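Engineer:
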Amino acid sequence: MKVDREKPAGPASARPSAALKGAVAAPGDKSISHRALMFGALAEGETIVRGLLEGDDVLRTAAAMRALGAEVERDAAPDGPRWRVAGAPWRAPARPLYFGNAGTGCRLVMGAVAGQGVAAAFDGDASLRSRPMDRILAPLALMGATATSRDGRLPVEIEGGRKLRAIDYALPKASAQIKSAVLLAALGAQGETAVREPEPCRDHTERMLAAFGAQIAVEADETGGRIIRLAGGQQLRAATMHVPGDPSSAAFLVAAALVTPGSEVVVREVLVNPLRTGFYETLREMGADISFENERMAAGEPVADIRARHSMLSGVEVPARRAPSMIDEYPILAVVAAFAAGETRMPGVGELRVKESDRIAAVEAGLAANGVETASGPDWLRVRGRDGAVPGGGRVETRHDHRIAMSFLVMGLAARAAVEIDDAAMIATSFPNFFALMRSLGAAFDVAATA
Numbered sequence: 041m042k043v044d045r046e047k048p049a050g051p052a053s054a055r056p057s058a059a060l061k062g063a064v065a066a067p068g069d070k071s072i073s074h075r076a077l078m079f080g081a082l083a084e085g086e087t088i089v090r091g092l093l094e095g096d097d098v099l100r101t102a103a104a105m106r107a108l109g110a111e112v113e114r115d116a117a118p119d120g121p122r123w124r125v126a127g128a129p130w131r132a133p134a135r136p137l138y139f140g141n142a143g144t145g146c147r148l149v150m151g152a153v154a155g156q157g158v159a160a161a162f163d164g165d166a167s168l169r170s171r172p173m174d175r176i177l178a179p180l181a182l183m184g185a186t187a188t189s190r191d192g193r194l195p196v197e198i199e200g201g202r203k204l205r206a207i208d209y210a211l212p213k214a215s216a217q218i219k220s221a222v223l224l225a226a227l228g229a230q231g232e233t234a235v236r237e238p239e240p241c242r243d244h245t246e247r248m249l250a251a252f253g254a255q256i257a258v259e260a261d262e263t264g265g266r267i268i269r270l271a272g273g274q275q276l277r278a279a280t281m282h283v284p285g286d287p288s289s290a291a292f293l294v295a296a297a298l299v300t301p302g303s304e305v306v307v308r309e310v311l312v313n314p315l316r317t318g319f320y321e322t323l324r325e326m327g328a329d330i331s332f333e334n335e336r337m338a339a340g341e342p343v344a345d346i347r348a349r350h351s352m353l354s355g356v357e358v359p360a361r362r363a364p365s366m367i368d369e370y371p372i373l374a375v376v377a378a379f380a381a382g383e384t385r386m387p388g389v390g391e392l393r394v395k396e397s398d399r400i401a402a403v404e405a406g407l408a409a410n411g412v413e414t415a416s417g418p419d420w421l422r423v424r425g426r427d428g429a430v431p432g433g434g435r436v437e438t439r440h441d442h443r444i445a446m447s448f449l450v451m452g453l454a455a456r457a458a459v460e461i462d463d464a465a466m467i468a469t470s471f472p473n474f475f476a477l478m479r480s481l482g483a484a485f486d487v488a489a490t491a
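Residue 491, in my numbering, is where the sequence shown stops; the numbers in between run on with no holes.
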C-alpha cells in the first residue's frame, strides 16, 4: 500500500474509529538508518542504502556526513529511493554540526569524529540541548579525546589532531548509544578496545561493523552481560544495505489494532532483532493476539511481518531487565495499559526521564487528562487500566516529543471521546507518513494544517 508523506503543523486530534484493517509497511528503522549513513561515510567505496528512514532526525545525520566530507546523494527509483554514500577521509566541518532533535545521530557522530581525529562542534534544538552528553564525553576522554561542553550538554566542541588509545570500558548502564560511540571512536584508536555491557542492549553497531568488513568479537560474560572487542586501525569497506521496518514505529500501528475493537492489521518487514522486541513480548504477556509471520533474515538482521488483532488485555509487571529492549516503547505501552484490566507496573525506566522530554512526567500528565490514574517514582511508572473504557476527551501537551504525540493519538482512536495533542509537527522526526499511513487503515484524525 502506497501512502504519501505528510507533515502536519500545529494541533491534531484522533476520534473514536471504526475497526482498523489492512497491511502496511513501517518506515525504515531509525537506529539502522543513522548507522548506515555513518558507516558508509567511514568506508572505502560507495555504499548503497535502500529503505532509509527519511525522517528529520536521519536527514540531520545525512547533512552531517556531507559536512564531514562524504558524498551523500538520494536517487529516485520506481521501487523506492536509493541513497548513495561515498566515503572519504573526514575533514573538519566549516560550521557546527546541527542535529536538531536527533540524539542518536549526535552522540554516535561524536564518537566517530573523535576516532577520526577531526575537530567539530555539535549543537541541537532546545530539547537536545537539555539532554546529557557527558555520558559520551567521559569514555572519549579516557581514550584521549579533548572536548568542551556546557555542563555536560550541548553545545560541544571536540578538538582535532588527537590520536586515541584503546580502553577497557564498563558501561555504567546498558546503553546502545554509549556503546556505539565508544566503538566508533575505537576504529581510530591504537590497540584493541573492549566494551563491557552489564546486560545486552541494541547490537546494530556490532552487526553493521561486521557487514562493513570489520573484525569484531562478541562474547558473553559470567554475569549475563557481554564483552565486545574491536581492534583499532581497521578500514571499513562499502556495503549494500536494506533497512528493515522500525519496530518502535510499528509499535503504534500494532497498539492501535489491539485497542480498537474489530481491528486486524499486518505490518510488513519489521525488524525483530531480539534486543528490540521487548514491547511485543510484554504485549503477549498481557494477552495480545500478535504473531510474527514470514520470519527471515535481511542484511544481517531478522525481520518478520507482524499481525495484530484487537484483544482483551490484562495488566502485568514488566521485568526491569527488559527495559533496554523497549525503552522507546514505554509511552505507547502506557497507553495500551490504560485499556487493560488491572494495573501495569513498569520498573527500571529511569532513562525515560532524560529522553526527548521527561517521558514519565509527560505520559502521566497525558493519561490524567484523559481519565486514567497513574503513579510514579524516579525510575518506575504504574498505570491503572480502565478495562477498555478510557474516557478520553483531554488535551495533551506533547513537550515536543514525537513518541508522546503518536501515543496519545493512538489513544484517541479507541477512547470514548476524542484526544487532542498540542502539536504534531515533531512526528516527522521519526515517522514522516504517520497520518497518511494510519488513515489508510481507517484511523480518524483531524489535523489543523499541513505543509
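Here a beta-carbon is modelled for each residue, glycine too, at the ideal position from N, C-alpha and C. The structure displayed is predicted, hence computed values, not measured ones.
Whole angstroms are fine: how far does the CA of P238 sit from the CA of W123?
Structural biologist: 36 Å
Engineer: Is it right to say T233 is buried, meaning 16 or more other beta carbons lie within 10 angstroms of its own, or is it exposed?
Structural biologist: T233 comes out buried.
Engineer: What residues in its chain sit with their C-beta under 6 Å from that of G163, if we drop five residues either side in the sequence?
Structural biologist: According to the sequence as given, residue 163 is Asp; it is not Gly. Same-chain partners within the cutoff: P136, Y138, L194 and P195.
Engineer: Give the secondary structure of E437 by DSSP, where H, G and I count as helix, E and B as strand, and everything else as coil.
Structural biologist: Under the three-state reduction of DSSP, E437 is assigned to coil, being neither helix nor strand.
Engineer: Can you look up A178 in the DSSP assignment and give me helix, strand or coil?
Structural biologist: helix
Engineer: For a quick check, are the C-beta atoms of F319 and P287 less than 9 Å apart?
Structural biologist: In this structure, P287 lies closer than 9 Å to F319 by Cβ.
Engineer: Ends of the beta strand (DSSP E) at G62?
Structural biologist: K61 to A65
Engineer: Are the beta-carbon atoms of A59 and T300 separated by less than 9 Å?
Structural biologist: Yes.
Engineer: So, F485 versus A54, is the Cβ gap smaller than 9 Å?
Structural biologist: yes
Engineer: Cβ atoms of G50 and A488: under 9 Å apart, would you say?
Structural biologist: yes
Engineer: What are the boundary residues of the beta strand (DSSP E) that includes V423?
Structural biologist: Its beta strand (DSSP E) spans residues W420 to R424.
Engineer: Quick one: residues in its chain with C-beta nearer than 8 Å to the C-beta of G493, no 5 flanking neighbours on either side, listed in chain order?
Structural biologist: Given that the chain is displayed from residue 41 to residue 491, the structure contains no residue 493 and the question cannot be resolved.
Engineer: Determine the burial state of T245: buried for a count of at least 16 other Cβ atoms within 10 Å of its Cβ, exposed for fewer.
Structural biologist: Here T245 is buried, its C-beta having at least 16 other C-beta atoms within 10 Å.
Engineer: Tell me the residue span of the alpha helix (DSSP H) that contains G144.
Structural biologist: One point to set straight first is that residue 144 is Thr, not Gly, in the sequence displayed. G143 to Q156 is the extent of the alpha helix (DSSP H) around T144.
Engineer: Starting from E246, trace the alpha helix (DSSP H) both ways and give me its first and last residue.
Structural biologist: H244 to A251
Engineer: What do you reckon, are the CB atoms on E341 and R385 nearer than 9 Å?
Structural biologist: No. Outside cutoff.
Engineer: Express the C-alpha separation of R479 and F448 in angstroms, rounding to a whole number.
Structural biologist: 16 Å
Engineer: Given a cut-off of 9 Å, decide if G425 and E383 are closer than it, judged by their beta-carbon atoms.
Structural biologist: yes
Engineer: Tell me the DSSP secondary structure of D329 in three-state form.
Structural biologist: Here DSSP, grouped into helix, strand and coil, assigns D329 to strand.
Engineer: Under the assumption that A251 contacts M183 (Cβ atoms under 8 Å), give the Cβ distance between them as a whole number of angstroms.
Structural biologist: The Cβ separation is near 24 Å, so there is no contact.
Engineer: Beta carbon of V389, beta carbon of L421: below 9 Å?
Structural biologist: Going by beta carbons, V389 and L421 fall inside the 9 Å limit.
Engineer: Does the distance from the CB of L148 to the CB of R242 come in under 9 Å?
Structural biologist: no
Engineer: Would you kindly work out how many angstroms separate the C-alpha atoms of S57 and I176, rounded to a whole number?
Structural biologist: When only Cα atoms are considered, S57 and I176 end up about 44 Å apart.
Engineer: Can you give, in chain order, each stretch of the alpha helix (DSSP H) that sits fully within the stretch 70-103 and has at least 4 residues?
Structural biologist: Fully enclosed alpha helix (DSSP H) runs of 4 or longer: 70-82.
Engineer: CB-CB under 8 Å to A216, same chain, minus the five flanking residues each way: which ones, in chain order?
Structural biologist: Correct list, in chain order: S71, C241, R242, D243, H244, T245 and P364.
Engineer: Just curious, the alpha helix (DSSP H) that V572 is in, first and last residue?
Structural biologist: What is shown of the chain runs 41 to 491, which leaves residue 572 out entirely.
Engineer: Taking just the CA atoms, how far does V312 sit from Y370?
Structural biologist: 17 Å
Engineer: Determine the extent of the alpha helix (DSSP H) in which G452 is found, giving its start and end residues.
Structural biologist: H442 to A454
Engineer: What's the call for K203, buried or exposed, on a 16-neighbour Cβ count within 10 Å?
Structural biologist: exposed
Engineer: Could you please give the first and the last residue of the uninterrupted alpha helix (DSSP H) stretch that includes S289?
Structural biologist: P287 to V299
Engineer: Would you kindly check if the distance between the Cβ of K61 and the Cβ of V305 is under 9 Å?
Structural biologist: yes
Engineer: Could you check the C-alpha separation between G155 and A339 for me, to the nearest Å?
Structural biologist: 26 Å
Engineer: Report the three-state DSSP secondary structure of E413 (helix, strand or coil).
Structural biologist: Three-state DSSP puts E413 in coil, outside helix and strand.
Engineer: In terms of residues, what are the limits of the alpha helix (DSSP H) holding I372?
Structural biologist: Unbroken alpha helix (DSSP H) run through I372: Y370 to F379.
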